[in-house]
Amino acid sequence: MTSACTITEAIADILEDLSEQNFEKFRHLLLDRRTNPRIKRGRVEGKNFLGVTEVMVSTFTEDGALTVTEELLRKIGLNAEANHLGKMCFELKYWT
């Protein structure tokens, strides 16, 4: 994991480090969200971690994408990754 300079980069770094199986679970849960705004399958199908990050940020804004990413990571049992992302982004927002 590299040192991110933006929330978008931090999200991309976390998603890049997921196993293929966990990344697929993440994408599935992202599509299955019932809260608006929702992301349609065609926008993330076949996309890598950078593409999914871009879609999330354009749909939810950076702060919203951060919240959704943390939520979905926790749903697939990746609490350490969610905590790390939250800590990285807190530092980016308040210490830079």
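Quick note: the sequence shown, position 8, residue 8 per full-length UniProt numbering, numbers continuous. Don't be surprised by glycine CBs; every beta carbon is placed ideally from N, CA and C.
> Should F50 go down as buried or exposed, given a rule of 16 or more other Cβ atoms within 10 Å for buried?
Replying inline: Here residue 50 refers to the residue found at position 50 of the sequence shown. Just to set this straight, residue 50 is Leu in the shown sequence, not Phe. The residue in question, L50, is exposed, as its Cβ has fewer than 16 Cβ neighbours within 10 Å.
>> For F26, count the other beta carbons within 10 Å of its own beta carbon; 16 or more makes it buried, fewer makes it exposed. Which is it?
In response: Your numbering for residue 26 matches position 26 in the sequence shown. Buried, because 16 or more other Cβ atoms sit within 10 Å of the Cβ of F26.
>> My assumption, with CB atoms under 8 Å, is that A10 sits in contact with M88. Please give the rounded CB distance.
In response: Against the sequence shown, residue 10 aligns to sequence position 10. Against the sequence shown, residue 88 aligns to sequence position 88. Contact flag correct, Cβ pair sits at about 5 Å.
>> With H, G and I counted as helix, E and B as strand and the rest as coil, what does DSSP make of N36?
In response: Translated into positions along the sequence shown, residue 36 becomes position 36. Looking at N36 - three-state DSSP - the assignment turns out to be coil, as it is neither helix nor strand.
> So G86 and E62 are in contact, right, with Cβ under 8 Å, and what is the actual spacing, rounded?
Replying inline: Stepping through the sequence shown from its first residue, residue 86 is reached at position 86. Stepping through the sequence shown from its first residue, residue 62 is reached at position 62. Rounded, the Cβ-Cβ distance is 13 Å, inconsistent with contact.
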